[in-house]
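Peer 1:
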Amino acid sequence: MALWTPTPSVLIWLVEGYGDVELAEPAARELTRATEGCRGMIVFFDGLSFTGYEPSFRAILGLAGRQAIQDGHVKEVCVLTRSKIVAMGAAVVAMTAESKFDVFSNVKAFEKRMVRAGASIVLSGARATG
Numbered sequence: 017m018a019l020w021t022p023t024p025s026v027l028i029w030l031v032e033g034y035g036d037v038e039l040a041e042p043a044a045r046e047l048t049r050a051t052e053g054c055r056g057m058i059v060f061f062d063g064l065s066f067t068g069y070e071p072s073f074r075a076i077l078g079l080a081g082r083q084a085i086q087d088g089h090v091k092e093v094c095v096l097t098r099s100k101i102v103a104m105g106a107a108v109v110a111m112t113a114e115s116k117f118d119v120f121s122n123v124k125a126f127e128k129r130m131v132r133a134g135a136s137i138v139l140s141g142a143r144a145t146g
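Below, the structure is given as structure tokens:
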């Protein structure tokens, strides 16, 4: 798991592997830490190598995400995944959040959206190095 902010309004979150309950709490803390003090941030969740999760992972992370949205820290979430389970989880969170959620399966389309948001990096290089 890696998080970074290439601009003050963009958070990129790279997650690989399986989301179990032991990863959920630190992930939620990192999301809260990274978005505190921000207004209207766009979160880009790169879950291309994220294979799935336990229900408690989605519940804990969804709660932290909804709180960041309700507090105005996050206005939009873009999820990159080819996993139907991860896409379904994003859809469940989206139904309960007052924010725009977009799910992408195409890396180029996801990267184009990042560039439109002001991020000048592409994930293919980030994935290769870290």
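Residue 17 is where the sequence shown starts when you use this note's numbering, and the numbers rise one by one after that. Beta carbons are placed, not taken as given, at the ideal position from N, Cα and C, and that holds for glycine.
1. With a threshold of 8 Å between beta carbons, is residue 107 in contact with chain D?
2. Please list, in chain order, all residues of the same chain as residue 54 whose beta carbon is under 6 Å from its beta carbon, the five residues on each side excluded.
3. Determine the closest residue to residue 117 out of 107, 70, 124 and 28, with distance taken between C-alpha atoms.
4. Given residue 46, which residues of its chain have a CB within under 6 Å of its CB, disregarding the five upstream and five downstream residues?
5. Could you give the distance in angstroms between the alpha-carbon of residue 62 and the alpha-carbon of residue 76?
6. Return the bridge partner residues of residue 18 from the DSSP annotation.
Peer 2: Taking the structure as given:
1. Reference to chain D is not applicable here, since this structure consists of a single protein chain.
2. As a first step, residue 54 must be located in the sequence shown, where it is residue number 38. The answer, listed in chain order, is 89.
3. For the purposes of this step, residue 117 is taken as the residue at position 101 of the sequence shown. Nearest of 107, 70, 124 and 28 to residue 117, Cα basis: 107.
4. Numbered from 1 along the sequence shown, position 30 holds the residue referred to as residue 46. If you ignore the 5 residues before and after residue 46, its C-beta comes within less than 6 Å of the C-beta of 19, all in its own chain and listed in chain order.
5. Taking the sequence shown and counting its residues from 1, the one referred to as residue 62 is at position 46. Taking the sequence shown and counting its residues from 1, the one referred to as residue 76 is at position 60. Approximately 18 Å between the Cα atoms of the pair.
6. Stepping through the sequence shown from its first residue, residue 18 is reached at position 2. For residue 18, which the question treats as bridged, DSSP gives the partners 30.
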